[in-house]
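Residue numbers (the numbering used here), protein chains in the order written: chain A, 1 to 343; chain B, 344 to 686.
Here a beta-carbon is modelled for each residue, glycine too, at the ideal position from N, C-alpha and C.
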DNA sequence: AAAATTACTGCAAACGTTTGCGGTTTCGTT
DNA sequence: AACGAAACCGCAAACGTTTGCAGTAATTTT
């Protein structure tokens with residue numbers, strides 16, 4: 001009852017015919033008589049025969065598996081991406097190997113190699129914060145494994161990418177803060193080696209400049225987690241003049257800021273307005289609800305998978321690098337809901 | 344540059360030696376001279392040689408891959424579980440295939456077969472809400488693939504399981520509501536075919552009985568998502584006498600309830616106290632913050648993976664079914680923070 | 001009745017690895 | 001000078017599958 005899975009050989013032995021006949025019968029090959037096919041199929045069913053994907057993969061150099069390299073799974077945006085990838089993969093008969101890097105470069109290189117070992121047909125990757133070298137990714141490409149980036153793109157590698165328009169999103173967020181009267185806006189940013197960190201910062205700067213506000217370098221903090229907010233928020237709120245707006249690089253940072261502002265006895269949005277990035281479920285749960293930039297992880301994952309399938313089917317080199325850029329949407333909520341204060 | 348991965352044959356051909364020698368050299372076999380080993384290793388490095396896991400798997404009937412069947416990835420608890428599994432797998436050199444069922448029985452059967460096809464070394468599963476037949480899971484066992492359940496256990500299959508003590512958690516939650524003076528407590532429950540749904544309901548009932556409160560069947564609603572809350576909350580709040588406490592089967596349901604109570608002009612916890620289950624990050628972000636039962640997904644995933652590794656190493660039948668039950672912890676927050684009202 | 005067709009089926013190689021066994025060298029002993 | 005033993009190395013089979021080719025039997029054509 002509980003043994004090794006049945007093979008084509010087992011069927012052949014049981015029926016006293018050759019494995020090639022069994023193989024052809026199972027694939028409904030015209031060479032095989034209806035009678036034999038019937039018998040083979042019946043026996044296959046009875047033994048719960050299932051073709052060995054490793055053998056198939058070895059023979060065809062196709063594993064029907066794709067890899068996903070992702071910084072953190074426990075994260076609304078990233079888990080949404082995986083969900084989109086999963087659904088797209090399921091529809092097309094692919095399996096998904098998920099590898100979490102926990103933002104560590106070393107682990108990223110390890111999992112890239114593991115995916116190569118497994119001869120995955122393609123890899124979707126969002127790079128870790130700490131990754132500055134990318135040999136492990138070009139290694140995949142050099143071995144004929146197509147790559148598609150999502151969200152965290154690596155600028156040094158020429159391939160497809162699926163992202164939201166980080167620059168524009170940041171610009172909209174910052175301009176919205178200006179439009180509700182903020183004049184001293186702090187930006188809590190992600191590291192610059194991440195393209196999203198850089199682009200969102202540039203969007204912030206540009207929005208200020210276009211609205212005749214000075215970009216004060218002291219208003220830009222490297223601060224992209226709630227832990228770092230904990231560390232730095234005290235100093236920031238004590239500054240004179242006190243900032244009147246925050247644009248945080250992601251929602252959880254923004255919410256941490258809101259909580260600390262409230263704890264300090266100040267009011268959001270009256271004293272300080274806050275905007276996040278991502279529009280996760282927390283944005284509607286916190287109080288006040290959070291104005292933020294929508295970023296549809298599911299769609300991003302789904303589209304990235306479509307790109308990858310294209311590359312798998314057409315050959316890795318057949319396509320020039322494409323880019324799918326989702327337009328960001330500003331979702332206005334309570335954390336910026338105040339009357340315009342003209343000066 | 345961008346071709347098929349190098350094989351042991353390529354190395355053999357390049358060096359004019361046999362594949363067996365190369366294979367042994369790479370494994371540092373004593374039969375092979377230091378000189379040859381040196382040359383082989385150098386060439387392997389130069390060609391970026393990586394052993395083909397499919398070939399290894401075929402030969403050894405071990406894929407070094409485990410499968411995870413999970414209802415929904417975009418879910419704090421489940422993604423935490425995956426994260427724990429991932430980390431434990433990474434430490435032990437396993438890869439993880441993640442399959443999302445979206446709570447659909449049909450999809451669960453499909454992914455189970457796909458995992459069987461890939462000859463995964465074991466499977467971790469949390470069953471879908473709609474699953475009432477489990478042939479697809481016994482199929483795995485019958486093929487020698489060990490199974491371990493986490494959270495959503497299937498009572499009809501004899502194998503290891505890792506869960507929190509749902510009964511006790513529900514008991515604690517309900518008793519806590521009673522202790523802050525609630526006398527008319529509604530339970531929003533999950534379907535009974537889910538063991539967690541059943542156990543949490545029983546815990547609720549028992550807590551009431553033990554405290555000399557009648558269990559009113561009308562106080563138990565099948566309602567385990569925020570959408571269902573939307574549907575049913577109006578009728579519930581209109582009842583006379585109005586409920587003064589809610590014990591929801593999970594946090595997102597609890598928070599949806601809180602939001603609707605507030606919208607109805609009532610106060611939490613003064614008019615109605617609310618307890619959830621899960622202790623996700625939302626519990627500290629919502630307002631009032633949510634009293635809830637802690638459920639450490641990461642630990643559950645990690646431990647489930649340990650169980651599975653045990654079974655993989657010792658053989659599927661060598662172990663009697665074990666159960667790891669995490670003790671639930673009641674985390675008291677604002678949603679039940681009110682003075683005790685003795686009658 | 002012989003030849004040609006049709007309808008089936010089997011052999012063997014290949015995918016990339018591992019490994020038991022046997023085969024050559026090369027030495028050191030006597 | 002001859003022998004045994006190290007020290008190296010290669011052959012071939014096996015894992016489960018597919019597939020070109022060749023083979024055999026039955027049926028049709030001439």
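Self-check item: For residue 591 of chain B and residue 526 of chain B, the rounded distance between their alpha carbons
Solution: By 1-based counting over the second chain, the position of residue 526 of chain B is 183. By 1-based counting over the second chain, the position of residue 591 of chain B is 248. One C-alpha to the other measures close to 16 Å.
Quiz item: Considering only C-alpha positions, which residue in the set B/372, B/624, B/629 and B/518 is nearest to residue 554 of chain B?
Solution: Looking up residue 554 of chain B in the second chain gives position 211. Ranking B/372, B/624, B/629 and B/518 by Cα distance to residue 554 of chain B puts B/518 first.
Exercise. State yes or no: is the beta carbon of residue 657 of chain B nearer than 9 Å to at least one beta carbon in chain A?
Key: To locate residue 657 of chain B, count along the second chain from 1; it is residue 314. Contacts with chain A at 9 Å (Cβ-Cβ) do not include residue 657 of chain B.
Quiz prompt | DSSP state of residue 95 of chain A mapped onto helix, strand, coil | solution = Within the first chain, residue 95 of chain A is the residue found at index 95, counting from 1. DSSP places residue 95 of chain A in strand when its eight states are reduced to three.
Quiz prompt | alpha helix (DSSP H) segment containing residue 643 of chain B, residue limits | solution = The residue you call residue 643 of chain B lines up with position 300 of the second chain. For residue 643 of chain B, the enclosing alpha helix (DSSP H) has its first and last residue at 640–657.
Quiz prompt | Cα-Cα separation between residue 120 of chain A and residue 395 of chain B, rounded to whole angstroms | solution = Translated into positions along the first chain, residue 120 of chain A becomes position 120. Translated into positions along the second chain, residue 395 of chain B becomes position 52. Computed Cα separation, rounded: 11 Å.
Quiz item: Residues bridged to residue 410 of chain B by DSSP?
Solution: Indexing the second chain from 1 puts residue 410 of chain B at position 67. Answer by DSSP bridge pairing, in chain order: B/440 and B/466.
Quiz prompt | Endpoints, the alpha helix (DSSP H) within which residue 364 of chain B is located | solution = For the purposes of this step, residue 364 of chain B is taken as residue 21 along the second chain, with counting starting at 1. It spans 362–369 - the alpha helix (DSSP H) in which residue 364 of chain B sits, taken as one unbroken run.
Exercise. Using a Cβ-Cβ cut-off of 9 Å, state whether residue 369 of chain A counts as contacting chain B.
Key: This structure does not reach residue 369 of chain A, given that chain A is present from 1 up to 343, and the question cannot be answered.
Quiz item: Using the beta-carbon of each residue, which ones in chain B are nearer than 7 Å to residue 153 of chain A?
Solution: Working through the first chain from its first residue, we reach residue 153 of chain A at position 153. Among the residues of chain B, none has a CB under 7 Å from the CB of residue 153 of chain A; the nearest is roughly 20 Å distant.
Quiz prompt | Partner residues on chain B for residue 285 of chain A, Cβ-Cβ distance less than 7 Å | solution = Along the first chain, read from residue 1 onward, the residue named residue 285 of chain A stands at position 285. What residue 285 of chain A touches in chain B: 598, 625, 628 and 629.
Quiz item: chain A beta carbons: is any one of them nearer than 9 Å to that of residue 408 of chain B?
Solution: The residue you call residue 408 of chain B lines up with position 65 of the second chain. Cβ-Cβ to chain A under 9 Å: yes for residue 408 of chain B.
Quiz item: Which partner residues of residue 618 of chain B appear in the DSSP bridge assignment?
Solution: By one-based count along the second chain, residue 618 of chain B stands at place 275. Beta-bridge pairing links residue 618 of chain B to B/590 and B/634.
Quiz item: DSSP state of residue 532 of chain B, grouped into three classes?
Solution: Here residue 532 of chain B refers to the residue found at position 189 when the second chain is read from its first residue. Looking at residue 532 of chain B - three-state DSSP - the assignment turns out to be strand.
Quiz prompt | Residue from B/493, B/500, B/487 and B/465 with nearest C-alpha to residue 299 of chain B | solution = The structure shown does not extend to residue 299 of chain B, since chain B is modelled only from 344 to 686, so the question has no answer here.
Practice problem: Name, please, each residue of chain B whose Cβ falls closer than 7 Å to the Cβ of residue 129 of chain A. | Solution: Mapped onto the first chain, residue 129 of chain A falls at position 129. Result: empty, since nearest Cβ-Cβ is about 17 Å, beyond 7 Å.
Quiz item: Does the stretch 321–336 of chain A touch the stretch 368–385 of chain B, meaning 3 or more C-beta pairs lie closer than 8 Å?
Solution: Output reads no: the stretch 321–336 of chain A does not touch the stretch 368–385 of chain B.
Practice problem: Out of B/626, B/643, B/639 and B/657, point me to the one whose CA is closest to residue 677 of chain B's CA. | Solution: Along the second chain, read from residue 1 onward, the residue named residue 677 of chain B stands at position 334. Ranking B/626, B/643, B/639 and B/657 by CA distance to the CA of residue 677 of chain B puts B/626 first.
Quiz prompt | Partners in chain B for residue 51 of chain A, counting only beta-carbon separations shorter than 7 Å | solution = Reading the first chain from its first residue, position 51 is the one you call residue 51 of chain A. Taking a Cβ-Cβ cut-off of 7 Å, the neighbours of residue 51 of chain A in chain B comprise 460, given in sequence order.
Quiz prompt | Any chain A beta carbon closer than 9 Å to residue 419 of chain B | solution = The residue labelled residue 419 of chain B in the question sits at position 76 within the second chain. Interface residue, yes.
Quiz item: Do the stretch 415–425 of chain B and the stretch 72–83 of chain A make contact, defined as three or more Cβ pairs closer than 8 Å?
Solution: Short answer: they touch.
Exercise. Closer than 7 Å by C-beta to residue 382 of chain B: which residues in its own chain qualify, once you throw out the five before and the five after it? Chain order, please.
Key: The residue you call residue 382 of chain B lines up with position 39 of the second chain. Exclusion of the five residues before and after residue 382 of chain B leaves 358 as the residues of its chain whose Cβ lies within less than 7 Å of its Cβ.
Self-check item: Contact set between residue 404 of chain B and chain A, taken where Cβ atoms lie within less than 8 Å
Solution: To locate residue 404 of chain B, count along the second chain from 1; it is residue 61. Result: 4.
Self-check item: Beta-bridge pairing of residue 629 of chain B - partner residues as DSSP gives them
Solution: Along the second chain, read from residue 1 onward, the residue named residue 629 of chain B stands at position 286. In the DSSP output, where bridge partners are listed per residue, residue 629 of chain B has A/286.
Quiz item: Between residue 118 of chain A and the rest of its own chain, which residues show a CB-CB distance below 8 Å, the 5 nearest in sequence each way excluded?
Solution: One-based indexing of the first chain puts residue 118 of chain A at position 118. The answer, listed in chain order, is 63, 65, 67 and 97.
Practice problem: Kindly say whether residue 324 of chain A, judged by its beta-carbon, lies nearer than 9 Å to any beta-carbon of chain B. | Solution: Within the first chain, residue 324 of chain A is the residue found at index 324, counting from 1. For residue 324 of chain A, not one C-beta of chain B is nearer than 9 Å to its own C-beta.
Quiz prompt | Pairwise C-alpha distance: residue 84 of chain A and residue 622 of chain B | solution = Residue 622 of chain B sits at position 279 when you count from the first residue of the second chain. Residue 84 of chain A sits at position 84 when you count from the first residue of the first chain. Taking the Cα positions, residue 622 of chain B is about 25 Å away from residue 84 of chain A.
Quiz item: Are the stretch 194–202 of chain A and the stretch 165–174 of chain A touching, with three or more C-beta to C-beta distances below 8 Å?
Solution: Two segments are said to touch when three or more pairs of C-beta atoms, one from each, lie closer than 8 Å; by this definition the stretch 194–202 of chain A touches the stretch 165–174 of chain A.
Quiz item: Excluding five sequence neighbours on each side, which residues of the same chain lie with their C-beta closer than 8 Å to the C-beta of residue 31 of chain A?
Solution: As a first step, residue 31 of chain A is located in the first chain; it is residue number 31 there, counting from the start. Excluding residues within five positions, the ones whose Cβ falls inside 8 Å are 24.
Quiz item: How would you label residue 187 of chain A, buried or exposed, when you count the other beta carbons within 10 angstroms and need 16 or more for buried?
Solution: Within the first chain, numbered from 1, the residue matching residue 187 of chain A stands at position 187. Note on residue 187 of chain A: 16 or more other CB atoms within 10 angstroms of its CB, so buried under the neighbour-count rule.
Quiz item: DSSP beta-bridge partners for residue 40 of chain A?
Solution: The residue labelled residue 40 of chain A in the question sits at position 40 within the first chain. According to the DSSP secondary-structure assignment, residue 40 of chain A is paired through a beta bridge with no residue.
Exercise. Could you check the C-alpha separation between residue 645 of chain B and residue 308 of chain A for me, to the nearest Å?
Key: By one-based count along the second chain, residue 645 of chain B stands at place 302. By one-based count along the first chain, residue 308 of chain A stands at place 308. The alpha-carbon atoms of residue 645 of chain B and residue 308 of chain A are separated by roughly 31 Å.
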